[in-house]
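Inspection log for the structure reproduced underneath, given as structure tokens.
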Amino acid sequence: MERLSLRILLGLLVGAVLAALLGPAAIEWRWLAEPLGTIFLRLLLSLVLPLAVSALVLAVAELQPGALVGTGGRILALTLVLTSIAVGIGVALVELVKPGVGVDRATLPAGGAVTPATTDAVQAIIDLFPSNPFKAAADGNMVPILVFAVVAGLALRRTDTAAAHRLAEVVRGVFDVCAQGVQMVMTLAPVGVGATAYMAVAKGGLTALVPVANFALVAALALGIQTFVVYPIALRLLARTDPVAFFRAVRPALAVAFATASSAATLPTTLRVADEGLRLQPETARFVLTVGASANQNGTALYEGVAILFICQLYGVDLSLGQQAVVVGVSVLAGIGTAGVPAASIPVIAAVVGAFGVPPEAVAVLVGVDRVLDMCRTTVNVAGDLVIARIVGGERA
Ligand code: ASP
Numbered sequence: 073m074e075r076l077s078l079r080i081l082l083g084l085l086v087g088a089v090l091a092a093l094l095g096p097a098a099i100e101w102r103w104l105a106e107p108l109g110t111i112f113l114r115l116l117l118s119l120v121l122p123l124a125v126s127a128l129v130l131a132v133a134e135l136q137p138g139a140l141v142g143t144g145g146r147i148l149a150l151t152l153v154l155t156s157i158a159v160g161i162g163v164a165l166v167e168l169v170k171p172g173v174g175v176d177r178a179t180l181p182a183g184g185a186v187t188p189a190t191t192d193a194v195q196a197i198i199d200l201f202p203s204n205p206f207k208a209a210a211d212g213n214m215v216p217i218l219v220f221a222v223v224a225g226l227a228l229r230r231t232d233t234a235a236a237h238r239l240a241e242v243v244r245g246v247f248d249v250c251a252q253g254v255q256m257v258m259t260l261a262p263v264g265v266g267a268t269a270y271m272a273v274a275k276g277g278l279t280a281l282v283p284v285a286n287f288a289l290v291a292a293l294a295l296g297i298q299t300f301v302v303y304p305i306a307l308r309l310l311a312r313t314d315p316v317a318f319f320r321a322v323r324p325a326l327a328v329a330f331a332t333a334s335s336a337a338t339l340p341t342t343l344r345v346a347d348e349g350l351r352l353q354p355e356t357a358r359f360v361l362t363v364g365a366s367a368n369q370n371g372t373a374l375y376e377g378v379a380i381l382f383i384c385q386l387y388g389v390d391l392s393l394g395q396q397a398v399v400v401g402v403s404v405l406a407g408i409g410t411a412g413v414p415a416a417s418i419p420v421i422a423a424v425v426g427a428f429g430v431p432p433e434a435v436a437v438l439v440g441v442d443r444v445l446d447m448c449r450t451t452v453n454v455a456g457d458l459v460i461a462r463i464v465g466g467e468r469a
């Protein structure tokens with residue numbers, strides 16, 4: 073396993089064990105552990121808004137409308153179907169196992185406080201559109217900001233002036249810097265995660281970690297089903313291909329995806345295995361894989377659905393069937409909109425749980441296990457891209 077993830081897991085373990093060994097005296101070290109954990113988290117959260125907004129503006133601005141015709145239509149359909157199946161599996165499992173139910177909310181980030189979300193569906197739809205995006209941003213209302221970003225991206229795409237092109241460059245710069253910022257903050261994760269685990273155990277005992285472990289198991293199981301059941305069936309039915317031979321050929325790309333936790337960073341290897349291992353038609357494969365590296369994120373969508381429902385369970389937010397359907401829909405779209413870089417899911421999850429009245433700080437509960445699961449979901453993302461490339465692309469003569 074990659075070094076950083078090992079260190080984060082070690083941090084989690086050390087923090088939890090230390091607090092357990094100290095017993096009731098553990099809380100006396102709150103003056104140290106709480107700032108360490110909270111500052112780490114705030115560093116991460118401070119990047120959420122610019123990262124999510126710039127990623128979305130660029131994704132929309134750079135969508136190729138022409139690409140959606142013909143092959144593009146098949147790719148889009150396959151992306152939506154495979155992503156929906158992935159989210160469906162994840163959501164079904166998390167609702168079945170309910171890893172977040174019955175937790176003492178006082179031990180959770182932000183004291184477990186929930187702001188009642190509006191229950192009026194009409195008002196909820198109206199509220200998606202901010203009259204003042206800066207006010208919405210200052211109030212921490214993420215979803216309206218994301219809607220604003222989509223509109224801004226559409227307008228940017230239609231504006232063909234030198235200044236608009238420069239603006240797009242600036243937005244790309246914001247994205248690049250924030251993505252780099254996330255990497256920098258993540259190097260502090262072993263300490264931040266250790267301190268968060270310490271505080272969780274100091275307040276709630278070792279049992280405080282059980283829900284997170286169960287969540288990680290549910291997410292890993294769902295990702296496994298997508299990879300080892302859904303993909304082989306899709307390959308057999310839609311591409312008449314032997315799944316074992318397929319997975320053998322794409323192994324190098326899956327290994328790089330696992331190690332880097334970034335579909336974007338894996339792209340060169342993904343392209344190479346499509347060409348050399350699978351021997352796919354180069355033009356189609358290149359197109360599918362390049363778009364797929366940021367738009368077809370089955371593993372990410374699955375993970376985001378599971379994480380959103382898990383956090384809602386933790387905070388005692390009971391979602392109706394309709395609201396769960398909304399989570400599925402949002403996760404499918406979020407899977408398409410999430411950037412192919414490490415930890416890109418975290419801001420998306422923070423934004424969506426915020427819409428249900430849960431404080432965005434709640435994502436802190438995931439951070440300890442996120443890196444390992446990121447490696448797993450990125451592997452699924454890349455495998456999904458290659459499955460679609462194999463179905464649409466066809467082998468070279
Ligand atoms: N790391 C993922 C990827 O690059 C995105 C995420 O879910 O965080 O595919």
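Each residue of the sequence shown is one higher than the one before, counting from 73 in the working numbering. Just so it is clear, CB atoms sit at the ideal spot from N, CA and C, and this is done for glycine as well.
Report the rounded CA-to-CA distance for P315 versus A411, giving the unit in angstroms.
28 Å
Would you grab the beta carbon distance between V399 and V163 for me? Rounded to a whole angstrom, and I think it's under 8 Å.
7 Å
Expected contact under 8 Å - CB spacing of L123 and C250 to nearest Å
4 Å
Within the same chain, show all residues whose beta-carbon is closer than 7 Å to that of R462, passing over the 5 residues directly before and after it, in chain order.
L307, A311, T313, F318, L350, L352
With 16 as the cutoff for other CB atoms within 10 Å, does G78 come out buried or exposed?
One detail in the question is off: residue 78 reads as Leu in this sequence, not Gly. It is exposed - the Cβ of L78 has fewer than 16 other Cβ atoms within 10 Å.
State yes or no: is the C-beta of Q255 nearer than 8 Å to some heavy atom of the ligand ASP?
no
Pull up the distance between the alpha-carbon of L381 and that of P107, whole angstroms please.
28 Å
How is the alpha helix (DSSP H) around F330 delimited, first residue to last?
315-332
In its own chain, which residues sit with a C-beta less than 7 Å from the C-beta of L51, not counting the 5 before and 5 after it?
What the structure shows of the chain is the stretch from 73 to 469, and residue 51 is not part of that stretch, so it cannot be assessed.
Taking the beta carbon of A279 as the centre, do at least 16 other beta carbons fall within 10 Å, making it buried, or is it exposed?
Going by the sequence as given, residue 279 is Thr instead of Ala. By the 10 Å Cβ count, T279 comes out exposed.
On the CB-based measure, 16 or more other CB atoms within 10 Å of its CB, does N204 come out buried or exposed?
exposed
Compare the C-alpha of V86 against each of G440, E241, V444, N453 and name the closest.
G440
Taking just the CA atoms, how far does S403 sit from C384?
14 Å
Are A13 and L445 touching if we call contact CB-CB under 9 Å?
Given a span of 73 to 469 for the chain in the structure shown, any question on residue 13 remains unanswerable.
Considering only their Cβ atoms, is the gap separating G456 from Q255 smaller than 9 Å?
no
Pick helix, strand or coil for E467, following the three-state DSSP scheme.
strand
Roughly how many whole angstroms lie between the Cα atoms of G145 and A406?
19 Å
Touching or not, the stretch 224-231 and the stretch 88-97, by the rule of three or more beta carbon pairs under 8 Å?
no
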